[in-house]
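Engineer: Handing you a structure now.
Numbering (mature numbering (1 follows the signal peptide of the UniProt record, and there is no 0)), first residue to last: -15 to -1, 1 to 703.
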């Protein structure tokens, strides 16, 4: 039994990273407009930088990176790591490869067949993506090897049951309807929660194996024309991906690189076997899924279970005359993945330095034109712009790290390894890090979306006021909804915010509230990007400008001097008060009387007062100018390290690696964030004593954060 299952199985509300109703702090469009208008004008270096990113250059980078497969740990991955390193060095930025040994899996063979009582194959899944004549990279070995990373090998013959999105409430609904999951193969559709948690939930329900498919309701023909005639998922397209239990602990499930000799159980609280499935799991297309959905007996599925295929959705099991034979053969191996780490040293003394870290992963499920290499192309544009500034004599006050991660697709392997190794001890370059700025799928549509730490919101709004939307040519601050989503997991910011307490942003251009149509398939190619995603590469330029300008404003410059950090803690305080209201609203009248929120409310009021004090102090220090250098140093030490105050030493209940009390990936959503996760998940499970203890623990962390703002000697390391 997994350690966290001491909680009663709850009926969680589900969220997704691209769900417009996901946890967020809404600044409001009017507030964003005012913040952008009141922001500082452009400095000379910012004006120079904004002219550097080029659509032709970004296009050329993406075309090179996507010309061959570069799955993590393969020769293609190493080749692209060397390409990124060399590009950094050409820009005048010191860079090196940072290999990290991790556990990886690769496909050998698979089969999924409908068989009769004699074992005769009646129908079989193709388990291959079609070659498209209009997409010249679609004919690759990988198109015939669709798999889920960390799935064990297995050979199972059993009936199939349809478990909708594979959420706990979906399995509960099947149980209530008398549908037997134990001893069956669970067929689930993508969406609503991370795929690894679908596998975890199916395993817990007693399934012998799991199959996950992409229903066209989520990202196929129900959304519009399918590729190559439009951007959405075609019939044979398969979403690959990791099925690690990412909401329990991110990173390599073996922790081969673990610092200070610690093993995975010491770091995560789980053994390797508890972090990955013990049943075989296979991803398939909706073309293949129709075969098995159409073979199901049992009652008609409820409306919430129905997708967009032209069939009658039933819960199953498979009609008695048939069973399904599933075979998966995967190879597990420990091997290196290659991060690339570039650094621009700051001019502040080492004991005062507060590094700014930029990150994007490079490894892909085959080519990854949108995910992640639109972001990689943008990172190279940022490097090119910073390199130009260096040639013109600019120097940042704070060091800047440019990081190209590998192994993200398997479970945030490269970034987590680097974060853990450098977050503590002698190599603790991250111990005083100011911010982590993440771009993963930089471009997959026209809508700007951001998740992040609320204290960075005003800075971002000011930056967006200086960057034009590629279509409207209006400032991006006018296009942005003002919704700052909470950070869950699913990308490389996870170790920085959730484990190390470093303020973080995750930025992207998306199609809206849906995942883009060729996600994790062979069709996430340069051709898709050049015809559907960003044909003119203007969104690549815009994101490069946002990313670089945010970096410049956080890093500061030698010529402008050491100014108060551009963090707005009042927005952070308002967000915390919103999180409290959300937790209270989740309770019914009876439960409300069981919990006492006053400690949390008092702590949030104290934090708001401290934040307002910090804002007034920052204004005073700006007016004093260079004469206030030592006061600014002390102020920046307190404010720059504030986010660490929200870390809980023992971690979240049952999840010691996740330490941030304000947000974390939902235990049963994985990607989607939960605010006050320890409180809200205890409420969902009706564990009232645990919820009350978490209210107390979170109140203590918020009080500590308030004290860190107002105590003059707090965090000073000069």
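C-beta: ideal position from N, C-alpha, C; glycine also.
Which residues mark the beginning and the end of the beta strand (DSSP E) in which residue 460 is found?
Structural biologist: Where residue 460 is concerned, there is no enclosing beta strand (DSSP E), given that its DSSP letter is neither H nor E.
Engineer: Name the DSSP beta bridge partners of residue 468, please?
Structural biologist: 11
Engineer: Grab the span of the alpha helix (DSSP H) containing residue 711 for me, first residue to last.
Structural biologist: The displayed coordinates of the chain run from -15 to 703. Any statement about residue 711 would go beyond what the structure contains.
Engineer: How far does the beta strand (DSSP E) with residue 492 in it extend, from its first residue to its last?
Structural biologist: Annotation: the continuous beta strand (DSSP E) that includes residue 492 extends over 489 to 495.
Engineer: Please name the residue, chosen from 92, 109, 93, 94, that lies closest to residue 100 on a Cα-to-Cα basis.
Structural biologist: For the set 92, 109, 93, 94, the Cα lying nearest the Cα of residue 100 is the one of 109.
Engineer: Closest by CA to residue 495, which one among 610, 518, 479?
Structural biologist: Looking at the Cα atoms, 518 is the closest of the given residues.
Engineer: State the Cα-Cα distance for the pair residue 119 and residue 213, rounded to the nearest angstrom.
Structural biologist: 7 Å
Engineer: Exposed or buried, what is residue 60 when buried is set at 16 or more other beta-carbons lying within 10 Å of its beta-carbon?
Structural biologist: exposed
Engineer: To the nearest angstrom, how far is it from the Cα of residue 289 to the Cα of residue 69?
Structural biologist: 45 Å
Engineer: Measure the alpha-carbon distance for residue 77 versus residue 71 and round it to whole angstroms.
Structural biologist: 10 Å
Engineer: Since residue 42 and residue 369 are thought to touch, with beta carbons under 8 Å apart, how far apart are those beta carbons, to the nearest angstrom?
Structural biologist: 7 Å
Engineer: Do you know how far the Cα of residue 600 is from the Cα of residue 337?
Structural biologist: 21 Å
Engineer: By DSSP, does residue 298 sit in helix, in strand, or in coil?
Structural biologist: coil
Engineer: Taking only three categories from DSSP, how would you classify residue 722?
Structural biologist: With the chain represented from -15 up to 703, any question about residue 722 goes unanswered, as that position is not in the structure.
Engineer: Classify residue 149 as buried or exposed, calling it buried when 16 or more other Cβ atoms lie within 10 Å of its own Cβ.
Structural biologist: buried
Engineer: In or out: residue 614 buried (at least 16 other Cβ within 10 Å) or exposed?
Structural biologist: exposed
Engineer: Report yes if the C-beta distance between residue 706 and residue 195 is below 9 Å; otherwise report no.
Structural biologist: Coverage of the chain is limited to positions -15 through 703, which leaves residue 706 absent and any answer about it impossible.
Engineer: Please name the residue, chosen from 186, 460, 215, 539, that lies closest to residue 380 on a Cα-to-Cα basis.
Structural biologist: 539
Engineer: Classify residue 430 as buried or exposed, calling it buried when 16 or more other Cβ atoms lie within 10 Å of its own Cβ.
Structural biologist: Per the 10 Å Cβ criterion, buried.
Engineer: Is residue 529 near residue 677, with beta carbons less than 9 Å apart?
Structural biologist: no
Engineer: According to DSSP, what are the bridge partners of residue 178?
Structural biologist: 176
Engineer: What did DSSP end up calling residue 149 once you bin it into helix, strand or coil?
Structural biologist: coil
Engineer: Ignoring anything shorter than 4 residues, give me the alpha helix (DSSP H) runs that lie fully in the stretch 244 to 274, in order along the chain.
Structural biologist: 249 to 253, 257 to 260
Engineer: Between residue 699 and residue 382, what straight-line distance do the alpha-carbon atoms span, to the nearest angstrom?
Structural biologist: Low confidence applies to residue 699: its pLDDT is 49, below 50, so where it sits in the model is not reliable, and the reading given next is rough at best. Straight-line Cα distance between these residues: approximately 22 Å.
Engineer: Is it a yes or a no for the stretch 161 to 168 touching the stretch 128 to 147, going by three-plus beta-carbon pairs under 8 Å?
Structural biologist: Taking 8 Å as the limit for Cβ pairs, the verdict is that the stretch 128 to 147 does touch the stretch 161 to 168.
Engineer: Report, in whole angstroms, the separation of the C-beta atoms of residue 477 and residue 55, which I expect to be a contact under 8 Å.
Structural biologist: At roughly 16 Å, the Cβ-Cβ gap does not stay under 8 Å, so residue 477 and residue 55 are not in contact.
Engineer: Since residue 324 sits in a beta bridge, which residues does DSSP pair it with?
Structural biologist: Beta-bridge annotation (DSSP): residue 324 is paired with 83.
Engineer: What's the gap between the Cα of residue 690 and the Cα of residue 589?
Structural biologist: Cα to Cα, the separation comes out at about 10 Å.
Engineer: Just verifying my parser: in three-state terms, what is the DSSP assignment at residue 559?
Structural biologist: helix
Engineer: Going straight from the alpha carbon of residue 439 to that of residue 554, what length do you get?
Structural biologist: 8 Å
Engineer: Report the rounded CA-to-CA distance for residue 422 versus residue 475, giving the unit in angstroms.
Structural biologist: 15 Å
Engineer: Looking at the strands, I want to know which residues DSSP matches up with residue 101.
Structural biologist: 307
Engineer: Within the same chain, show all residues whose beta-carbon is closer than 7 Å to that of residue 276, passing over the 5 residues directly before and after it, in chain order.
Structural biologist: 99, 108, 110
Engineer: Apart from the five residues just before and just after residue 130, which ones in its own chain have a Cβ nearer than 7 Å to its Cβ?
Structural biologist: Within the same chain, 92 come within 7 Å of residue 130 by CB-CB distance, once the 5 residues on both sides are set aside.
Engineer: Our contact map puts residue 51 next to residue 352 with C-beta atoms below 8 Å; I'd like the distance itself, whole angstroms only.
Structural biologist: 4 Å
Engineer: Should the stretch 479 to 488 be called in touch with the stretch 14 to 23, which here means at least 3 C-beta pairs below 8 Å?
Structural biologist: no
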